[in-house]
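Asks:
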Amino acid sequence: MSSPTITRTGSSHRIGESAPRPDGIPKARGEFAFSSDLWAERMLWGATLRSPHPSARILSIDISAALAMPGVATVLTAEDVPGLSSFGLEHADQPVLASDVVRYQGEAIALVAADHPDTARKAVAAIRVEYETMAPLSDPRIALDATPIHPEGNLVRHLVIRHGDLDVEGEVQVEGSYEIGMQDQAFLGPESGMAIPTEDGGVELMISTQWLHVDRDQVAACLDLPVDKVHLTLAGVGGAFGAREDVSMQVHLCMLALRTGRPVKMVYSREESFFGHVHRHPAQLWYRHHADRNGRIVKVECRLLFDGGAYRSSSAAVIANAACFSMGPYLVPNAHVDATVVRTNNPTCGAMRGFGAVQTCFAHEAQMDKLADALGMDRIELRLLNALEPGHELITGQVITGTAPVAEVIRTLAAHPLPPAPDSITDSRLLPGGTGRTTDYSDVKRGIGFAVGFKNLCFSEGFDDFSTARVRVDGGIATVKCACAEVGQGFVTLAQQITTEILGVERVDLAPADTSIGSAGSTSASRQTWMSGGAVHAAATAVRDTLIARVARDEGVDITVLELVDGVVRSLDGTINISIVELTTAEPVEEEIEFHHAPTDELDENGQGNAHVSFAFSAHRAVTDVDPELGLVRLVDIATSQEVGRVLNPLQLTGQLEGGTAQGIGLALMEEIIVDESRVRNPSFTDYLIPTMLDLPDLQIAAIIEEPEPGAPFGAKGVGEAPTISSTPAVVAALRNATGLALTRVPVRPEHIALSADHLDD
Amino acid sequence: MSDLVSYRLNVNGQDRTVADGRLGESLLYVLRERLGLAGAKNACEQGECGSCSVMVDDELVCSCLVLAASAEGRDIRTIESLAPEGELSYVQQAFVDAGAVQCGFCTPGLIVSVHDLLERQPDATDIEVREALSGNLCRCTGYGRILEAVRIAAAERLADGSESRA
């Protein structure tokens, strides 16, 4: 029997339907072109020499042996950077190529282009660099007192939030210190791309990234080229999760292409990828919660210390997020937050899904459990009692004007049935430790944990956040142009659904995402559904209005008697019926819109201000089986409730909830870049573990809560990050519940359970 | 410098010549960079993620761990062989329908693995599927929709009663 033939184009679905991805079929067939699949005639392979030392002076660099190797086209060092010698996402503090000092293990020093990847690798190995190594600054706790490792000093940002009466004390107080390890985004498609010199002296760069325009601006500055001579096109992106928000090889590739006059391709190995992008900030957190006897939170004090690593990346924004969301989704009338992110010789940290809120959620949810226990109160009841509501004031003084159904999120999840505890489990795949029969079920303790979290949507702190989209309809076929980076999240599907919803066209094509149109901003901060979705919505609406105006003019009627329904402009009395196909065959229509969200404010010296546009809330409940003697864990069940504003595509929403939850589980149980004296010890998928299919149970979705968000297109909130925030603390709370241990650090390792004496009741 | 060798590979039923290859090149590299078959993916190139999965003499392998020249004379089948141009195999169709594809980088390797699994064990239970596919990493989906795609594909395969399908 033959396989089914594809007939669907996937573009006639409206908002609220599980429209299939337009790129689903090529991806399933293996035909979708990812950035590592690029190929060109006469192309060269690029490779990067990276520092083996986390801190060293460079005394000399000798490229002669590498340059002399057959097949090597060029070798470049810092001297060859044509323009600005540094780059950076928010602030240019990282050298394109290090020349005098290296500040982290893996920092780029030299580049090679050669005829074969092996030649390029051998040439990299033939570059001789003389180093004078220095003791690395590895401990963020001493960074501010240590000798500056960068001309801009070791403090990246110190932020204080003072809210309410800081002298008030609660009758019940609980205190705790928490630590979060360094997590990697571990996208599967490694950094890769191709640069091709253009005839006008510029360069074409095809690259996997989250934000084409911010890359372009950095590349142009470093190449000393006007931005119109640097053209970027999004190449197929194999996941991102924050790791592609910073420039990695972008400038390097363009330098090699311009020097050699040939196309140059570069693909990082998995090991190099660990050194080639930023990670989630490791953090050390101290909290003291104050409550009255009834369980009302009176005050929270906390100190947050984030390790930013060698360069700034987005650290200043991450620490602001950590501080702003440090309380969790609870009403806290008085708060004192002291938040610092410092520079060290550790790997650079920046954006990862959840962006600061992941770290603080682990701590505030542990504190909420502790507080409930100290009060002798039910943990769910304590959360419900203090849950944020619309109209409540955050610790930044901002009043929630949008939706905030926190209590409903909590209630629906708490009401979801728990899995039955079996009398016995004999299949070792279902036991802690898995196959090999390491654990006997009679030794297993079961625990349940609950956690709630929230974070902002879109960019904050006064950033003028916008996206640009163009919609053209020609002969009834719509084409959407937007530079939004599709990284797997499904914007391409939503762009089609939104256009179909508004114009009723049968077919929506998507033009390539590139820099020939204005910026779409970053695919981060759960913002593209709102921002680029909003831009597409606005551009399609402008097309509709133009069509109606045209018919009104031609037919001599007022626009108010016309509407566009199911692809037909018609009058309310039924006398006019003209299809969009007919209208746009006669004269195509094109509209381009730059869509901005409502402005936000900077935080003042007390951390007060309307800094955020909107908030998303989620909760998770985890059930774990633990063998306390062996420290082995199995996640038995994970359930979630999330509020989303409005569901635009149920299937894609499910995918975001499941995928986001999985990354939070990974942080709870296994994922950490082990950094020892500023050196990464596990830069591989052999040693950096991410959850497999055997590690994760089916996600139970207890409730999807829809309360349309004012100001958001279709009322929809971004859903990408919230699931990652609350899953980590829920899993660890379940482990605490099973073991009675404090477990104040993630990821929780077997020795933390088997060898710990740190009991909760100590 | 490296010794250059020329050899032939039987890929998807076609006799292909690899001219002036380097002995150290993996099957993954040769498929992708020399034979224009980029469906097998390069996520880790150390045999941990399954993105480069192909069949060699009906055995599921990570093509990153196979020296290309050592595969001479063997029957190599890649994702590109699973369905004719413009069509989808039942597993590919199930992945699209179930929402198992997000970024898609793991997808071809997973689909090759699922075909292999359902050929060998058409009635695999959920836990058996999870174990069989635990060598294929996915970072986007959390595996929920992938498991659903396998359930759909397995059900369709059983209902169809077909012994062997494209």
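Chains A and B, in that order, are what the protein sequence lines are. To convert a position in the first sequence, counted from 1, into our numbering, add 750. To convert a position in the second sequence, counted from 1, into our numbering, add 22. Ideal Cβ positions, reconstructed from N, Cα and C, are used throughout, including at glycine. Just so we're clear, the structure is a prediction, and the values are computed from it rather than from any experiment.
1. Alpha carbon to alpha carbon, how far is P1172 (chain A) from T1098 (chain A)? Give it in angstroms, no decimals.
2. Is H1509 (chain A) buried or exposed, if buried means 16 or more other CB atoms sit within 10 Å of its CB?
3. Using 8 Å as the Cβ pair cut-off and three pairs as the minimum, do the stretch 1328–1346 of chain A and the stretch 1273–1293 of chain A touch?
4. Thinking C-beta only, is T1243 (chain A) closer than 9 Å to A990 (chain A)?
5. Is there at least one Cβ from chain C nearer than 9 Å to I101 (chain B)'s Cβ?
6. Could you check the C-alpha separation between A1462 (chain A) and V1301 (chain A) for me, to the nearest Å?
7. Taking the alpha-carbon positions, what's the E1457 (chain A) to S1391 (chain A) distance?
8. What is the DSSP secondary structure of P1079 (chain A), counted as helix, strand or coil?
9. At which residues does the alpha helix (DSSP H) containing Y112 (chain B) begin and terminate?
10. Excluding the 5 residues preceding and the 5 following H1370 (chain A) in the sequence, name in chain order all residues of the same chain whose CB lies nearer than 6 Å to its CB.
11. Closest by CA to Q1406 (chain A), which one among A:L1353, A:G1104, A:V1383, A:V1017?
12. Taking all protein chains shown into account, do 16 or more other C-beta atoms lie within 10 angstroms of the C-beta of V1373 (chain A), making it buried, or fewer, making it exposed?
13. Helix, strand or coil for L1253 (chain A), going by three-state DSSP, please let me know.
14. Going by beta-carbon coordinates alone, are E1211 (chain A) and D1351 (chain A) separated by less than 9 Å?
15. Are S810 (chain A) and I957 (chain A) closer than 9 Å when you measure CB to CB?
16. Please state whether the Cβ-Cβ distance between L82 (chain B) and D138 (chain B) is less than 9 Å.
17. Suppose contacts are defined by Cβ-Cβ distances below 9 Å. Is G1203 (chain A) in contact with G1045 (chain A) by that definition?
18. Give me, in chain order, the residues of the same chain whose beta-carbon lies closer than 7 Å to that of L894 (chain A); leave out the 5 immediate sequence neighbours on both sides.
19. Return the Cβ separation of E1393 (chain A) and F1367 (chain A) in integer angstroms, given the expectation that the two are a contact with Cβ distance under 8 Å.
20. What residue from A:D830, A:A1245, A:S805, A:V1376 has the CA that sits closest to E880 (chain A)'s CA?
21. Comparing the C-beta of S786 (chain A) with each C-beta of chain B, is any distance below 9 Å?
22. Could you check which residue in A:I1160, A:R878, A:Q1148 has the C-alpha nearest to that of N1356 (chain A)?
23. On a Cα-Cα basis, can you pick out the residue from A:H1002, A:R1429, A:L1035, A:E1332 that is closest to V825 (chain A)?
24. Just to confirm, are E921 (chain A) and R1043 (chain A) a CB contact at a threshold of 9 Å?
25. Check distances from the C-beta atoms of the stretch 1427–1455 of chain A to those of chain B and list, in chain order, the residues that come in under 7 Å.
26. Going by C-alpha to C-alpha distance, which of A:I1267, A:I1415, A:M1420, A:A1453 sits closest to R1396 (chain A)?
27. With burial defined as no fewer than 16 other Cβ atoms inside 10 Å of the residue's Cβ, what is the status of V1425 (chain A): buried or exposed?
28. By DSSP, does T129 (chain B) sit in helix, in strand, or in coil?
29. What ranges does the beta strand (DSSP E) occupy inside the stretch 1351–1424 of chain A, keeping only unbroken runs of at least 3 residues that lie completely in it?
30. What's the C-alpha gap between Q115 (chain B) and V136 (chain B)?
31. Could you run through the stretch 61–87 of chain B and flag, in chain order, every residue whose CB is less than 8 Å away from some CB of chain A?
32. Compare the Cα-Cα distances from S1048 (chain A) to each of A:V1108, A:K1120, A:P1167, A:D915 and report the closest residue.
33. From the DSSP secondary-structure annotation, give me the bridge partner or partners of P845 (chain A).
34. Where does A181 (chain B) land, buried or exposed, given buried means 16+ other C-beta within 10 angstroms?
35. Pick out whichever of A:G780, A:T983, A:L909, A:E767 has its Cα sitting closest to the Cα of A1235 (chain A).
36. Output the distance between the C-alpha atoms of L839 (chain A) and V113 (chain B), rounded to the nearest integer angstrom.
Replies: In short:
1. 46 Å
2. exposed
3. Yes, since at least three Cβ pairs between the stretch 1328–1346 of chain A and the stretch 1273–1293 of chain A fall closer than 8 Å, the two stretches touch.
4. no
5. Looking for chain C here will not work: the only protein chains present are A and B.
6. 30 Å
7. 13 Å
8. In this structure, DSSP gives P1079 (chain A) a state outside helix and strand, which the three-state scheme calls coil.
9. Segment 112–120, the alpha helix (DSSP H) holding Y112 (chain B).
10. Contacts found: A1201, T1390, S1476, S1477, A1480.
11. A:G1104
12. buried
13. helix
14. Between E1211 (chain A) and D1351 (chain A), the CB-CB gap stays under 9 Å.
15. no
16. yes
17. no
18. N904, L905, V1092
19. 5 Å
20. A:S805
21. yes
22. Checking every option, the nearest Cα to that of N1356 (chain A) belongs to A:Q1148.
23. A:H1002
24. yes
25. S1434, F1435, T1436, I1440, T1442, M1443, L1444, L1446, D1448, L1449
26. A:A1453
27. buried
28. helix
29. 1364–1377, 1382–1393
30. Roughly 12 Å separates the two Cα atoms.
31. G61, A62, K63, N64, A65, C66, E67, Q68, E70, C71, S73
32. A quick correction: the sequence has Val, not Ser, at residue 1048 (chain A). Out of A:V1108, A:K1120, A:P1167, A:D915, A:D915 has the C-alpha closest to the C-alpha of V1048 (chain A).
33. A:S836
34. By the 10 Å Cβ count, A181 (chain B) comes out exposed.
35. A:T983
36. 41 Å
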